[in-house]
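Report on one structure; see the data block that follows.
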């Protein structure tokens, strides 16, 4: 089996975006999407780097963009103020 040539992958992606009525995109965007989805689902950055074939985690970090949802989840889990009961805090007369 021969490997698929880069130009053909690019043509396939462009064709599929046209068929679906999407904005044109390049295949490289799929690497970014894959890395981001893996990160959001709990995959460690070093594992994502291996999947993408990176030797440098800085490159992997560039690919795996942290979404707002992931930031909020991490904040709510880790920050002590996020764990406060908001309703109790509002009802506390000291917070009036």
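Residue numbers (our numbering): 1319 to 1414.
Just so it is clear, CB atoms sit at the ideal spot from N, CA and C, and this is done for glycine as well.
DSSP-derived helix/strand/coil call for residue i
| i | result |
| --- | --- |
| residue 1336 | helix |
| residue 1324 | helix |
| residue 1374 | coil |
| residue 1382 | coil |
| residue 1367 | helix |
| residue 1352 | helix |
| residue 1389 | helix |
| residue 1398 | helix |
| residue 1346 | helix |
Own chain, CB closer than 6 Å to residue i, minus 5 neighbours either side, in chain order
| i | result |
| --- | --- |
| residue 1383 | 1354 |
Same chain, Cβ closer than 7 Å to residue i, five either side skipped, listed in chain order
| i | result |
| --- | --- |
| residue 1397 | none |
| residue 1364 | 1375 |
| residue 1342 | 1332, 1335 |
Distance between residue j and residue i (C-alpha atoms, nearest Å)
| i | j | result |
| --- | --- | --- |
| residue 1334 | residue 1373 | 31 Å |
| residue 1326 | residue 1351 | 20 Å |
| residue 1308 | residue 1330 | Lying outside 1319 to 1414, the shown extent of the chain, residue 1308 is not represented and no answer is given. |
| residue 1393 | residue 1380 | 21 Å |
| residue 1400 | residue 1356 | 25 Å |
Reference residue i; option with closest CA among the options
| i | options | result |
| --- | --- | --- |
| residue 1378 | 1349, 1367, 1400, 1386 | 1367 |
| residue 1345 | 1336, 1361, 1328 | 1328 |
Spatial neighbours of residue i in its chain, beta-carbon cut-off 8 Å, leaving aside the 5 residues before and after
| i | result |
| --- | --- |
| residue 1314 | In the structure displayed, the chain extends from 1319 to 1414; residue 1314 sits before or after that span and is not available. |
| residue 1387 | 1358 |
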